[in-house]
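Protein chains in written order, with this note's numbering: chain A, 2 to 274; chain B, 87 to 406. What follows is a single structure, written as structure tokens, with notes after it.
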Ligand SMILES: Nc1ncnc2c1ncn2[C@@H]1O[C@H](COP(=O)(O)OP(=O)(O)OP(=O)(O)O)[C@@H](O)[C@H]1O
Ligand SMILES: [Mg+2]
């Protein structure tokens, strides 16, 4: 826990303290305290159902915590909502991608944060132009069949993910939250995402990065937090631990380290155990 | 894709509905050219079309938001009653009109709260509201009509139920309302939020759209339009009937679906629904004009509705 404490002494941009969240009988979050420092990349890892998505949905106002407090740059958040989060400067790529499938790419890019002119009317042309530019420069779409008017429902899984990520990139934010951004992506697309996370670091912003793949999280994260059955069970500053030890530790937490000995985890890690 | 082709492609549903409309007109014109090519045949249809256009416009918002409102017929009745009672009590008709609009919007607010905050199914709760409000009208009026013949020559009757030459003003009100509705639906962020909410409410919420608020406003828009229609039909008939609004329900919903707004929410078309209202309006006149009896009307409503749905599938409107 030393890593968590040392970061706690520094100032933070977002902090959760003692957050609990229950869905029926499922205690998805148990007294979770967590913070993200300025210009810090936090890797959040844990098994399926550990509560990672629930945690970030609480941080972004999608879920209201049953108890506990949230702070943004020193002020406690009350009456918190997604709308407020977006206005404060948090953008999120949700695990489900949060797209509106029957609508066009340009509609999806600006969904909930439309560029409007007089009286709340949409600046349709401007939004389409921006989308066209984004598609060319960021997504690398070259297909002439794909225009800003293409419905998102007609796109492949990876392309949809591209839309969700570009949308997050477009809006200026202080904290960027990525829930499994690399899941289901090809090697080259994954690289783009990791490069993007690095660029967040370089531009002085903060990021929470969730992934099952240690090899994606480890190289880009400053600090790694492990969630298990709704609780934070471990936190490491990257220099403290190497990737093999981390992987072995995770298997141990999940209680499957003996099973997974058959899997080539990396013989060094097993030897260390 | 060229601009024209892309425009055509994006509006293929509306063009399909328009095609159905012209096919219908052609059939009637061939069946009895004399009556059908005479402008008087149209003025009869146009007189009642204004109210229908207003109602289909708001219903597109409701259906696109992923809900249904089956209570609007009784909201029309209740607002009309408020208007008639106030007007008869000697209150300024403009004030009575205002009260009627507020009544409608308030009913919509209650519907919206029941759906979003109490979490009821809109299909069932608005059905209940439809019974409840109609019952309320019957209890208050004792089932009696309120004659408003004294308003026959009033300015308000001219403005909301008169004619310009042979052209009924209610059609202008209807088309004006549809135009505003279309701007709101396709060019304003409110319409966008309505559609995103109906398409995938989880996504909409995650993107910071206040989905409950959007739904409540949508129900209020529906109530507001029903209130306006209540005044329009009362002024047209110069009488408030306790049954005012009855009989609109299925026809209006048919026009919305016929017009190419799908049942599953997320998308919709105002102009498609307006054409749908025209189609249903013309069927009755067309049938009489072509020499068939009125008994055929409902039969043709059904035929056209099913044909239209088939044409929508043909141009590619289906749930993903
Ligand atoms: N909206 C909800 N309603 C009921 N239960 C929920 C809801 N969201 C999450 N849960 C439950 O809370 C627990 C944590 O879920 P969560 O989605 O946060 O896990 P996760 O760590 O993101 O898992 P994964 O890696 O599979 O995405 C699970 O047991 C899940 O069933
Ligand atoms: Mg998750």
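Beta carbons: idealized from backbone N, C-alpha and C, even for Gly.
If I'm right that residue 132 of chain A touches residue 166 of chain A with Cβ under 8 Å, what's the distance once you round it to whole angstroms? At roughly 14 Å, the Cβ-Cβ gap does not stay under 8 Å, so residue 132 of chain A and residue 166 of chain A are not in contact.
Closer than 7 Å to a non-hydrogen atom of ligand 1 - does that hold for the CB of residue 96 of chain A? Under cutoff, so the answer is yes.
For residue 27 of chain A, verify whether its CB is less than 7 Å away from any heavy atom of ligand 1. Result yes, Cβ under 7 Å from ligand 1.
Strictly under 8 Å for the Cβ-Cβ distance: is residue 97 of chain A near chain B by that measure? It does: the Cβ of residue 97 of chain A has a partner Cβ on chain B nearer than 8 Å.
Can residue 361 of chain B and residue 180 of chain B be called in contact, C-beta distance under 8 Å? Contact: no.
Might you give, ordered along the chain, the residues of its own chain that have their beta carbon closer than 8 Å to the beta carbon of residue 151 of chain A, omitting 5 neighbours on each side? Setting aside the 5 residues that flank it on each side, residue 151 of chain A is surrounded in the same chain by 105 and 106, each with a C-beta closer than 8 Å to its C-beta; the list follows chain order.
State the Cα-Cα distance for the pair residue 304 of chain B and residue 404 of chain B, rounded to the nearest angstrom. Per the coordinates, the alpha-carbon of residue 304 of chain B lies some 24 Å from the alpha-carbon of residue 404 of chain B.
With distances taken between CB atoms, is the gap from residue 159 of chain B to residue 197 of chain B smaller than 8 Å? Contact: no.
Can you say whether residue 177 of chain B is buried or exposed, counting buried as having 16 or more other CB atoms within 10 angstroms of its CB? So residue 177 of chain B ends up on the exposed side.
Close Cβ partners of residue 100 of chain A (< 7 Å) along its chain, the five nearest in sequence each way excluded: 109, 153, 161, 164 and 165, listed in sequence order.
Just by C-beta distance, which residues in the segment 114-128 of chain A are closer than 9 Å to chain B? If the cut-off is 9 Å between Cβ atoms, the segment 114-128 of chain A has 114, 115, 117, 120, 121, 122, 123 and 125 near chain B.
Can you tell me which of the three DSSP states residue 29 of chain A falls into? Residue state, collapsed to three classes: strand.
Spatial neighbours of residue 139 of chain A in its chain, beta-carbon cut-off 6 Å, leaving aside the 5 residues before and after: Same-chain partners within the cutoff: 167.
Step through the CB atoms of chain A and report whether any lies within less than 8 Å of the CB of residue 386 of chain B. So no, residue 386 of chain B is outside the interface.
Starting from residue 311 of chain B, follow the beta strand (DSSP E) in both directions and report where the run begins and ends. From DSSP, residue 311 of chain B is part of no beta strand (DSSP E) but of the alpha helix (DSSP H) over 297-323.
For ligand 1, is there any heavy atom lying closer than 7 Å to the beta carbon of residue 212 of chain A? Look at residue 212 of chain A: its beta carbon is at least 7 Å from all of the heavy atoms in ligand 1.
I need the DSSP call for residue 71 of chain A, collapsed to helix, strand or coil. Correct three-state label for residue 71 of chain A: strand.
Ligand 1 and residue 51 of chain A: does the residue's C-beta get closer than 7 Å to at least one heavy atom of that ligand? Inclusion of residue 51 of chain A in the 7 Å shell around ligand 1 follows from its C-beta lying nearer than that to a non-hydrogen atom of the ligand.
Using a Cβ cut-off of 8 Å (strictly closer), state whether residue 285 of chain B contacts chain A. For residue 285 of chain B, the answer is yes, since a Cβ of chain A falls inside 8 Å of its Cβ.
Counting along the chain, where does the beta strand (DSSP E) carrying residue 237 of chain A start and finish? Per DSSP, the continuous beta strand (DSSP E) segment holding residue 237 of chain A begins and ends at 232-238.
Cβ-heavy atom distance, residue 48 of chain A to ligand 4, below 7 Å: You won't find ligand 4 in this model; what it holds is ligand 1 and ligand 2.
C-alpha distance - residue 189 of chain A paired with residue 94 of chain A, whole-angstrom precision: Cα-Cα distance, rounded: 19 Å.
Rounded separation between residue 229 of chain B and residue 329 of chain B - CA only: Rounded to the nearest angstrom, the two C-alpha atoms are 9 Å apart.
Any idea what DSSP makes of residue 130 of chain A, helix, strand or coil? DSSP places residue 130 of chain A in helix when its eight states are reduced to three.
How many Å lie between residue 227 of chain B and residue 213 of chain B at the Cα? Cα to Cα, residue 227 of chain B sits roughly 22 Å from residue 213 of chain B.
Closer than 9 Å between beta carbons: that is the criterion. Which residues of the segment 136-155 of chain B meet it against chain A? For chain A, none of the residues of the segment 136-155 of chain B brings a beta carbon within less than 9 Å of one of its beta carbons.
Positions along the segment 290-304 of chain B whose CB lies within less than 9 Å of some CB in chain A: Of all residues in the segment 290-304 of chain B, the ones placed with a Cβ closer than 9 Å to any Cβ belonging to chain A are 290, 291, 292, 293, 294, 295 and 296, in chain order.
When you check each C-beta in the segment 392-405 of chain B against every C-beta of chain A, which residues fall closer than 7 Å? Against chain A - using a Cβ distance shorter than 7 Å - the segment 392-405 of chain B contributes no residues.
Exposed or buried, residue 264 of chain A, counting other C-beta atoms within 10 Å across all chains shown (16 or more means buried)? Unreliable placement is indicated for residue 264 of chain A, whose pLDDT of 42 sits below 50; no coordinate value is reported for it.
Option nearest residue 400 of chain B by Cα separation, candidates B:93, B:105 and B:366: If we check each option's Cα against that of residue 400 of chain B, B:105 comes out closest.
Can residue 61 of chain A be considered in contact with ligand 1, in the sense that its beta carbon sits closer than 7 Å to one or more heavy atoms? At a cut-off of 7 Å, the beta-carbon of residue 61 of chain A does not count as near ligand 1: no heavy atom of the ligand is closer than that.
Kindly say whether residue 192 of chain B, judged by its beta-carbon, lies nearer than 8 Å to any beta-carbon of chain A. By this cut-off, residue 192 of chain B is not an interface position.
Return the bridge partner residues of residue 152 of chain A from the DSSP annotation. Bridge partners of residue 152 of chain A: A:105.
Would you mind giving the Cβ-Cβ distance between residue 175 of chain A and residue 207 of chain A, rounded to the nearest angstrom? I have them listed as a contact below 8 Å. So it is a contact: roughly 7 Å between Cβ atoms.
Extent of the continuous beta strand (DSSP E) run through residue 93 of chain A: 91-94 is the extent of the beta strand (DSSP E) around residue 93 of chain A.
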